[in-house]
Amino acid sequence: MNAQISRRSLLKAGAGALIVGFSAHATLAQASTSALRPAKSVAKDVVDSFLVMGADGKITIFVGKVDLGTGTKTALAQMAADELDVAFERIDMVMGDTATTPDQWITGANLTIAQGGGELRRACATARAALLARAATQLNVAVSELSVSQGLVSVKANPAKNISYSALMQASTAFDLKIDPKAALKPASEYRVVGLSIPRVDIPAKVAATFPYVHDLRLPGMLHARVIRPEDAGAKLLTVDDSAARKISGFIQTVRKGNFLAVIAKTEWAAVKAARALKPSWSAGTGLPDQATVFDYWRAQPLAKEEATQKVGDAPAALSTSVRKVKASYEFAVQTHASIGPSCAVADFSAGKLVVWSPSQATHSMQSELASVTGLPFDSVRVVYLDGSGCYGRNGHEDATADAALIATLIGKPVRVQWMRDDETARAPKSPPRAIDMEGGFDASGQLQAWSADFHIAVNHIVAFKPLDFPLLAATDVGLPKPGNWVGFLFQNAGAPYAVPNIRVNTRHIAETFFRSAHLRSPGRIENSFANESFMDELAAEAKTDPAEFRLQYLKDPRGIAVIEAVMKRAQWAKRVGTNRAGQSGDKVSGRGISYVRYNNTTTYVAAVAEVEVDRKTGDVQVTRVCVAHDCGQIINPDGLANQIEGGVIQTVSRTLMEQVQWDRKKVTSVDWNSYPILRFPAVPKVEVDMINRPGEPSWGAGEPTATVIPAAVANAIHDAIGARLRSIPITPDKVLAALASLNKKA
277 MNAQISRRSL LKAGAGALIV GFSAHATLAQ ASTSALRPAK SVAKDVVDSF
327 LVMGADGKIT IFVGKVDLGT GTKTALAQMA ADELDVAFER IDMVMGDTAT
377 TPDQWITGAN LTIAQGGGEL RRACATARAA LLARAATQLN VAVSELSVSQ
427 GLVSVKANPA KNISYSALMQ ASTAFDLKID PKAALKPASE YRVVGLSIPR
477 VDIPAKVAAT FPYVHDLRLP GMLHARVIRP EDAGAKLLTV DDSAARKISG
527 FIQTVRKGNF LAVIAKTEWA AVKAARALKP SWSAGTGLPD QATVFDYWRA
577 QPLAKEEATQ KVGDAPAALS TSVRKVKASY EFAVQTHASI GPSCAVADFS
627 AGKLVVWSPS QATHSMQSEL ASVTGLPFDS VRVVYLDGSG CYGRNGHEDA
677 TADAALIATL IGKPVRVQWM RDDETARAPK SPPRAIDMEG GFDASGQLQA
727 WSADFHIAVN HIVAFKPLDF PLLAATDVGL PKPGNWVGFL FQNAGAPYAV
777 PNIRVNTRHI AETFFRSAHL RSPGRIENSF ANESFMDELA AEAKTDPAEF
827 RLQYLKDPRG IAVIEAVMKR AQWAKRVGTN RAGQSGDKVS GRGISYVRYN
877 NTTTYVAAVA EVEVDRKTGD VQVTRVCVAH DCGQIINPDG LANQIEGGVI
927 QTVSRTLMEQ VQWDRKKVTS VDWNSYPILR FPAVPKVEVD MINRPGEPSW
977 GAGEPTATVI PAAVANAIHD AIGARLRSIP ITPDKVLAAL ASLNKKA
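Count along the sequence shown from 1, then add 276; that gives the number in the working numbering.
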C-alpha cells in the first residue's frame, strides 16, 4: 500500500486550516468542574480501570495515554473494538484524566500503540472472556459453543439463541476482575477493524472549529494571568513595582512567591497590559557560553559518566591495521519545539482540591509534580487532559500547567494562564546540543572492518518520572530543589546498525546543560542517526560503492533490507558511484541521498530517499521530494500511519534546514518566527510513502522513526548535488556557501 501528499494538497489543507483557525471559539461547557467524570478505579491491573460498558451498549475506554494530534485516539479505539468484538462506533475514549484513567507512563518514546495499546488489548481480552463466561451460564452452553459479533453473543448451532453485552452487564456494571496477563488476544486473521483507514474521530470538529482546545476553556468566575520571567538566564527577582499595573482597567493583583511573579486580571488583554506595565528588578544572570564555539565548549564539559554503548570485536586494533581510514565529526544544534500555538492551561482550586486542565503529554506525572509545586497532597490534585498545540516532547505545556496550578492555589480562584510567543520560543525547554566523532577503517580487500564513534550527549538523570523529575520553571521559581535533566534516552541509535566485525561506540554523558533541556521529537535517535547515516555515506564514497548498495552489503536484517529496497524502487534509485555534481551547470544543481534507521535498533524500520535542489550562488536548499519506506509491524490504521510519516518528514525537513536556537552571552535571542524560523508551506516537499504491513507481528510506534532518517538523507543529497559534505545541523545557506568555498579552494 502507498500514500502520497503533494505540496498543492497540503497548501489547500493549510489554507482551510487558516480559515477555521479564526472562527468563533469552541464551546467547552462540558469541561467545567461540575461536569467532570466521577473518579473511578485507575489501578493498572484492573479491567474496570480500562473500560466501562453502559446499559445503552456504549463502551467507554479509559487510557492514560493522550492523543497529541497523532490519531492514537482513533487507533486505540480500533484495537479495543476488535478485541471486544464490537462496532467501532460504540467506542468512546477518555484519555489522560488522572482520576479516571490508569497511569500508563507518559505519551512518548513511540510507545502509545506498542505499550499502551498492548495493555488495552489485554484488558479488553480479559473482559471479553468474562462476558463469554457469563453468556455461557445464561444460555446454558459451553463457552466453546459461542460466537460473538457486534457485541452480541450467539450459540453457534442456534444463532437465534443469543444475548447482548449490555444485557450481560445488567446485573453488575463492573467486572471486578484483575487483568489476565494470559488472556487470549485476537489473531490478526480475525481483525475486522484493525487495518482499516477509519477517519480520525477528531477531524470533523477541528475542521468545523468546534474542537475543545484548552485555550478555549472558560470556567465560571475565571481570571486570567500572565507570568513574568527574566530575559537573562539564571537571574533572580529582587524587587517589583506594580504601581503602573494597578492603573490598568481589570487588574486584580500581583502574585509573588520567591522568584515567581505573575499578574492577575479580569480579562486576558488586561493581564497582558498589566504584565507589560509591571517593573520588576532582576539580579545578574549566570551567563551562557559563546554560541560561535559552543561545540568546542560542549566537548570540553565535565562528564557525569562515560560508558561503552556497543562493543564488537576490537575496533582500536582493527583501525590500527586498516589500510584506508575515514574520520568525520558531526554536530546538531540546540533546537526548541516552537509550537505554533503558545502553551496554555486552566486551573481551579476550591475546597482544598485542585483540578487542572492541561495539554501535557504526561498528565499522571504532572499530578505528582503539581502536588510538590503547590504543597498539596497527591490525592488532592487532578489533571485532566485537553488538547493544545503540538509538542512532540516536553515544550511549555507542563510549565504553563504548573503556573496555572500554583496561581490558582495561591488566589483560591479559577485561573487561565496563556503563554506569549516569546515565552514559548525562548523559555520552553530546549534539546541539548550534540557532537559526534567517528572513524572507520577498511582492510586490504576493501571491506569495512572497523567502526568507532564517540557521542557527546547530555546526561539523562531520570529513569522514571517521579515528583519534580524535571525542573519546572514554577518549581524552581518558588525555591524547590532543582532536579536534573529529563532529555530522553540520548544513547539510543548510537550503536552501528550494520554488520561490521569490529565496533566501538562510546557515549560521554555531559553532567550539566547550559539550557533547561528536555526531550524533542525522537531525542537522541535523530541526532545519532544523522551522524551514523552521514558517515555511512562517507564510507561508501571511500569504498567507491553506490551508497544504497553499500548499506545493503553490510545489513543482515531482512526487514531492514526490505525497506531499503522498497524506497529505492519508489524513488527509482539509479545506482551510481560518485556524486551527481559532474555534468551539472548553472547555479542550481540537484542531488539525491539515502538513509536507513531501525528505531532504537530494536523496533520500527524506516528508509528514506531525499531529493534536493541547491542554489550554488545563494546557498539555498530546497527539498523537493522525499520517499519513505516504513515497517512498523501490524498496521492499525493505514491512513493514520501515512499521516504520521508525512508529518515527520515535514517537521524534520524544517529542523534539518532552518531550526536552531540563537542566544548571546546572557539570554536566548530566538523570541519569534523571525529569529526562530520554521518551514513555510511553499517549501514543503512532495512526500511519497510505502508502508509494509506485517499482519500478526507486533505493532510498533510510528510517531518518531521517520524523523530519524531525514537529516542524513538531506545532507547526503546535498553532497550528491554539490560534492561537499555538510556535517552540521541545521544546514543553512551560509554553511552551504562555506562548504562550497572550501571545496573550490581545495580544487
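Every residue gets a Cβ at the ideal spot worked out from N, C-alpha and C, and that includes glycine. All figures in this text were calculated on a predicted structure; none of them were measured in a lab.
query	result
Pairwise C-alpha distance: ARG552 and LYS540	The amino acid occupying residue 540 in the given sequence is Ile; Lys does not appear at that position. Their backbone Cα atoms lie some 13 Å apart in a straight line.
Buried versus exposed call for ARG256 [16 or more other C-beta atoms within 10 Å across all chains shown]	Here the chain comprises residues numbered 277 to 1023, so residue 256 is not present and cannot be evaluated.
One or two residues paired with TYR881 in a DSSP bridge	ARG874, ASP907
Presumed contact (8 Å Cβ cut-off) between PRO708 and VAL610, rounded CB distance	7 Å
Nearest-angstrom Cα separation, counted from ILE994 out to ILE1007	9 Å
According to DSSP, residues forming a beta bridge with GLN936	Answer by DSSP bridge pairing: none, since GLN936 is not bridged.
Euclidean distance between Cα positions of ASP1025 and LEU955	Shown here, the chain extends from 277 to 1023; a query on residue 1025 therefore has no answer.
Exposure label - VAL888; buried when at least 16 CB within 10 Å	buried
Buried/exposed call for GLN446, threshold 16 Cβ in 10 Å	exposed
Under the three-state DSSP convention, the category ASN438 falls into	strand
Residue range of the alpha helix (DSSP H) that includes GLU809	801–818
Alpha-carbon to alpha-carbon, LEU493 and ILE779	54 Å
Per-residue DSSP class, three states only, for ASP624	strand
Per-residue burial, ILE986 [other beta carbons within 10 Å of its own, 16 or more giving buried]	buried
Candidates ILE389, ALA1000, MET329: closest to LEU352 by CA position	ILE389
For GLN354, the first and last residue of its enclosing alpha helix (DSSP H)	348–360
Burial state of GLY854 (16 or more Cβ within 10 Å)	exposed
Identity of the residues DSSP links to VAL781 by a beta bridge	GLN586, ALA729
Residue range of the beta strand (DSSP E) that includes GLN529	527–533
Three-way DSSP call (helix, strand, coil) for PHE718 in this model	strand
For PHE957, the three-state DSSP class (helix, strand or coil)	helix
Cβ separation of ALA399 and VAL323, assumed to be a contact under 8 Å, to the nearest whole Å	5 Å
Where the beta strand (DSSP E) containing GLN694 begins and where it ends	691–694
Continuous alpha helix (DSSP H) stretch holding ALA1025: start and end	Since the first residue shown for the chain is 277 and the last is 1023, residue 1025 is missing from the structure and cannot be characterised.
Cβ neighbours of HIS301 in the same chain (closer than 6 Å, five flanking residues each side left out)	In this prediction, HIS301 has a pLDDT of 34, which is less than 50 and means its spatial position is unreliable; what the coordinates show is noted afterwards. If we look at HIS301 and ignore the five residues flanking it on each side, its Cβ neighbours are ASP492.
PRO556, DSSP secondary structure in three states	strand
Whether MET371 touches VAL339 by CB criterion (7 Å)	yes
Residues of its chain near GLY628, where Cβ-Cβ distance is below 7 Å and the 5 sequence neighbours each way are ignored	SER656
Those residues which DSSP pairs with PHE536 across a bridge	LYS533
VAL925, buried or exposed, once every other Cβ within 10 Å from all chains shown has been counted against 16	buried
First through last residue of the alpha helix (DSSP H) which encompasses HIS673	673–687
ALA1015 versus ALA604: straight-line alpha-carbon distance, rounded	14 Å
Whether TYR952 touches ALA614 by CB criterion (7 Å)	yes
DSSP state of ALA302 mapped onto helix, strand, coil	At ALA302, the pLDDT of 36 sits below 50, so the modelled position is not reliable; the number obtained from the coordinates is stated separately. Coil.
Straight-line gap, ASP343 to ALA676 (C-alpha atoms, nearest Å)	19 Å
Neighbour-count burial assignment, SER1018, 16 or more Cβ in a 10 Å radius	exposed
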